[in-house]
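Following: one structure in structure tokens, then a few remarks.
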Amino acid sequence: DTAVSQTPKYLVTQMGNDKSIKCEQNLGHDTMYWYKQDSKKFLKIMFSYNNKELIINETVPNRFSPKSPDKAHLNLHINSLELGDSAVYFCASSQSTGLAEKLFFGSGTQLSVL
Amino acid sequence: AQSVTQLDSHVSVSEGTPVLLRCNYSSSYSPSLFWYVQHPNKGLQLLLKYTSAATLVKGINGFEAEFKKSETSFHLTKPSAHMSDAAEYFCVVSPPGSFQKLVFGTGTRLLVSP
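Chains A and B supply the protein sequences, listed in that same order.
Just so you know, the first sequence maps onto residues 930 to 1043 in this note's numbering.
Just so you know, the second sequence maps onto residues 2 to 115 in this note's numbering.
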């Protein structure tokens, strides 16, 4: 019954590896997002998709590649992981791209790069 | 550029006493403003939002916030704190434009003691 679910919850990996985080929403929303929360709790948007189309790409290294196979899913693939990629990654969704839309967040994926 | 400043990184209150979490915004336009709450190991949840309607906004769990244009503030208040209110609170501004790209404050950790 979880509205926005992301897996895995924890991910520990070595530098240089490639990893993926999956996200699914069962709310019927059109828009999905990836946010990164650093060690100081600062949240910053990375990507946004609307109906499987990329609409926001915030100066994220091209090692990060989002993929949306359908509007209920937005996965995040990261190549050649670096120490600085360690953070908590949150998936979110909203009904549409309206300015004041409520975002529904997943519970986060804590990525630790060793 | 849009931004928000949360004036306190930590706020400590006793259960049953009022809560005040301060937020100032910077915006060239009439902004949309939000407060989100993050409980430990959980995703963020919307508490309330301001979208240029009533300046006093009521949210969930007894929280409310008042938009004061003259002071560029959007402080979050609650008359009586509960232990369950202990969490991280984020003030958020939504810049104008076609797509939602939330800008988060750095967060305020609310500690509630018995």
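Cβ coordinates follow ideal geometry from the N, Cα and C atoms, glycine included.
Compare the C-beta of L47(B) with all C-beta atoms of chain A and state if any pair is closer than 8 Å.
yes
Which ranges does the alpha helix (DSSP H) cover as unbroken runs of at least 4 residues, wholly within the stretch 47-87 of chain B, from first to last along the chain?
Entirely contained in the stretch 47-87 of chain B, not one alpha helix (DSSP H) run reaches 4 residues.
Looking only at C-alpha atoms, which of A82(B), S114(B) and W36(B) sits nearest to V94(B)?
W36(B)
Nearest to S1036(A) by CA position, among I950(A), I984(A) and N986(A), is which residue?
That would be I950(A), whose Cα lies nearest to the Cα of S1036(A).
Tell me the start and end of each unbroken beta strand (DSSP E) in the stretch 976-1016 of chain A that is at least 3 residues and wholly inside, in chain order.
982-986, 993-996 and 1004-1007
Answer with yes or no whether the minimum CB distance from L103(B) to chain A is below 8 Å.
yes
Paired residues, beta bridge with E953(A) - DSSP
S934(A) and H1002(A)
Please classify I974(A) as buried or exposed, where buried requires at least 16 neighbouring CB atoms within 10 angstroms.
buried
Rounding to the nearest angstrom, what Cα-Cα distance links V113(B) and G44(B) in this structure?
20 Å
Could you check whether the Cβ of V871(A) sits closer than 8 Å to any Cβ belonging to chain B?
Outside the displayed span of chain A (930 to 1043) sits residue 871(A), for which this structure offers no information.
Would you decide whether M961(A) is buried or exposed? Buried here means 16 or more other CB atoms lie within 10 Å of its CB.
Classification for M961(A): buried.
Kindly list, in the order they appear in chain B, the residues whose Cβ is closer than 8 Å to that of K1031(A).
L47 and K50
For L103(B), which three-state DSSP category applies?
DSSP places L103(B) in coil when its eight states are reduced to three.
If you measure between the beta carbons of V1042(A) and S1015(A), is that distance less than 8 Å?
yes
So, with DSSP's three-state summary, where would you put Q943(A)?
coil
Determine, using beta-carbon pairs with one atom in the stretch 951-959 of chain A and one in the stretch 1009-1028 of chain A, whether at least three such pairs fall under 8 Å.
yes
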